[in-house]
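Sequential numbering of the sequence shown, starting at 1, is according to the UniProt record's numbering.
Glycine is no exception: its CB is placed at the ideal position from the N, C-alpha and C atoms.
For clarity, every value in this text was computed on a predicted model and none was experimentally measured.
Below is one structure; the comments refer to it alone.
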Amino acid sequence: MPFQGRVVDIAVDEVDLGAAGVVRREYTNHPGSVIVVALDDDGNVLLLRQYRHPVGAFLWELPAGLLDIDGEDPHIAAARELAEEADVRAARWDVLVDLLPSPGGSNEATRVFLARDLTPVPEPERHTREAEEADMVAVPVPLEEAAALALAGHLHNGPTVSGILAAVIGRANSWRTLRPVTSPWEYRRN
1 MPFQGRVVDI
11 AVDEVDLGAA
21 GVVRREYTNH
31 PGSVIVVALD
41 DDGNVLLLRQ
51 YRHPVGAFLW
61 ELPAGLLDID
71 GEDPHIAAAR
81 ELAEEADVRA
91 ARWDVLVDLL
101 PSPGGSNEAT
111 RVFLARDLTP
121 VPEPERHTRE
131 AEEADMVAVP
141 VPLEEAAALA
151 LAGHLHNGPT
161 VSGILAAVIG
171 RANSWRTLRP
181 VTSPWEYRRN
């Protein structure tokens with residue numbers, strides 16, 4: 001590996017494309033991620049404002065995190081991230097959509113969960129946030145308003161936009177599009 005980082009590595013592969021010949025491909029080797037559309041009983045989705053250094057800006061995003069704990073089930077990782085980032089727990093979990101956010105340059109696979117039946121994490125049990133997460137606050141936004149913000153170009157995180165739009169479509173179809181948390185996950189490496 002030409003580069004090994006704390007979260008991602010850069011991989012280089014020689015790929016035989018048959019008649020097109022052998023080509024060299026460089027890509028980010030990523031552990032995968034989860035993202036949570038946390039929908040409250042009033043139809044609000046929780047958005048977080050978080051600093052993202054690669055773009056040098058604060059972005060509004062859904063709670064999310066890496067699949068960087070060996071053996072951790074993805075929906076357990078999503079529940080952990082929701083509690084750590086938004087101080088919320090959910091009693092009901094479903095899969096909304098699976099994504100490959102940047103398949104031309106990364107093998108990252110992202111699973112977007114729908115979390116419902118929300119309750120606050122008791123104050124003494126709350127996670128102490130650090131670094132860029134220290135000032136993160138969850139803001140409830142009506143789902144339709146969040147979708148309008150996405151379509152107007154005010155939300156920029158791809159999985160956030162996908163998750164919000166999938167939730168709008170799912171709800172319009174009486175949630176028939178939802179899958180169980182144990183559903184197969186194509187392209188997930190671990």
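Exercise. With a cut-off of 8 Å on the beta carbons, I'd call L99 and S162 a contact; round off their distance for me.
Key: Locating residue 99 in the sequence shown gives position 99, counting from the first residue. Locating residue 162 in the sequence shown gives position 162, counting from the first residue. Contact flag correct, Cβ pair sits at about 6 Å.
Self-check item: N107 - partner residues in DSSP beta bridges
Solution: Position 107 of the sequence shown, counting from 1, holds the residue named residue 107. Beta-bridge pairing links N107 to no other residue.
Self-check item: CB-CB length for R111 against V95, believed under 8 Å
Solution: Counted from its first residue, the sequence shown places residue 111 at position 111. Counted from its first residue, the sequence shown places residue 95 at position 95. About 6 Å separates the beta carbons of R111 and V95, which is inside the 8 Å limit, making them a contact pair.
Quiz item: DSSP on P31, reduced to helix/strand/coil?
Solution: To locate residue 31, count along the sequence shown from 1; it is residue 31. Coil at P31, not helix or strand.
Quiz item: For T160, is the classification buried or exposed, using 16 other Cβ atoms within 10 angstroms of its Cβ as the cut-off for buried?
Solution: The residue you call residue 160 lines up with position 160 of the sequence shown. Buried, by the Cβ-count rule.
Quiz item: The alpha helix (DSSP H) with G170 in it runs from where to where?
Solution: The residue you call residue 170 lines up with position 170 of the sequence shown. Looking at the DSSP string, the run of the alpha helix (DSSP H) that includes G170 is G158 to A172.
Exercise. Mark Q4 as exposed unless 16 or more other C-beta atoms lie within 10 angstroms of its C-beta, in which case mark it buried.
Key: Within the sequence shown, residue 4 is the residue found at index 4, counting from 1. Classification of Q4: exposed, given that the 10 Å Cβ count is below 16.
Quiz item: Is it right to say P103 is buried, meaning 16 or more other beta carbons lie within 10 angstroms of its own, or is it exposed?
Solution: If you number the sequence shown from 1, residue 103 lands on position 103. Classified as exposed, P103 has fewer than 16 neighbouring CB atoms from the shown chains inside 10 Å of its CB.
Quiz item: Taking the C-alpha atoms as reference points, what is the distance between L48 and G71?
Solution: The sequence position of residue 48 within the sequence shown is 48, counting from 1. The sequence position of residue 71 within the sequence shown is 71, counting from 1. One alpha carbon belongs to L48, the other to G71, and they sit about 27 Å apart.
Quiz item: First and last residue of the alpha helix (DSSP H) that includes I76?
Solution: Numbered from 1 along the sequence shown, position 76 holds the residue referred to as residue 76. Start and end: P74 to A86.
Exercise. Ignore the nearest five residues each way along the sequence and tell me which others in L59's own chain have a CB closer than 7 Å to its CB.
Key: Indexing the sequence shown from 1 puts residue 59 at position 59. Around L59: Q50, R52, H156 and N157.
Quiz item: Taking all protein chains shown into account, do 16 or more other C-beta atoms lie within 10 angstroms of the C-beta of W93, making it buried, or fewer, making it exposed?
Solution: Along the sequence shown, one-based indexing puts residue 93 at 93. Counting Cβ neighbours within 10 Å, W93 comes out buried, since at least 16 surround it.
Quiz item: Hey, residue 228 and G32: beta-carbon distance below 8 Å or not?
Solution: A question about residue 228 goes unanswered here, because the residues of the chain that appear run from 1 up to 190.
Exercise. Tell me, to the nearest whole angstrom, how far the beta carbon of L114 is from that of L39; I am working on the premise that it is less than 8 Å.
Key: Here residue 114 is taken as the residue at index 114 of the sequence shown, counted from 1. Here residue 39 is taken as the residue at index 39 of the sequence shown, counted from 1. L114 to L39, Cβ: 6 Å. Contact.
Quiz item: What are the start and end residues of the alpha helix (DSSP H) that includes L149?
Solution: As a first step, residue 149 must be located in the sequence shown, where it is residue number 149. Per DSSP, L149 belongs to the alpha helix (DSSP H) from L143 to L151.
Exercise. Could you tell me whether the Cβ atoms of Y27 and G105 are closer together than 8 Å?
Key: For this step, residue 27 is matched to residue 27 along the sequence shown. For this step, residue 105 is matched to residue 105 along the sequence shown. Less than 8 Å separates the beta-carbon of Y27 from that of G105.
Quiz item: Quick one, which of H154, I69, D135 and P54 has its alpha-carbon nearest D87's?
Solution: For this step, residue 87 is matched to residue 87 along the sequence shown. Nearest in C-alpha terms to D87, of all of H154, I69, D135 and P54, is D135.
Practice problem: Counting only the same chain and skipping the five closest in sequence on each side, list residues whose C-beta sits under 7 Å from that of R116. | Solution: Translated into the one-based positions of the sequence shown, residue 116 becomes position 116. Sequence-distant partners of R116 (beyond 5 residues in either direction) whose C-beta falls short of 7 Å from its own C-beta, in its chain, are L39, A90 and R92.
Quiz item: Given that a residue counts as buried once 16 or more other Cβ atoms are within 10 Å of its Cβ, and exposed if not, what is Q75?
Solution: By one-based count along the sequence shown, residue 75 stands at place 75. The residue you asked about is not Gln; residue 75 is His in the sequence shown. Here H75 is buried. Its C-beta has 16 or more other C-beta atoms within 10 Å.
Quiz prompt | Collapsed DSSP secondary structure at G43 in the structure displayed | solution = Here residue 43 corresponds to residue number 43 of the sequence shown, with the count starting at 1. Three-state result, G43: coil.
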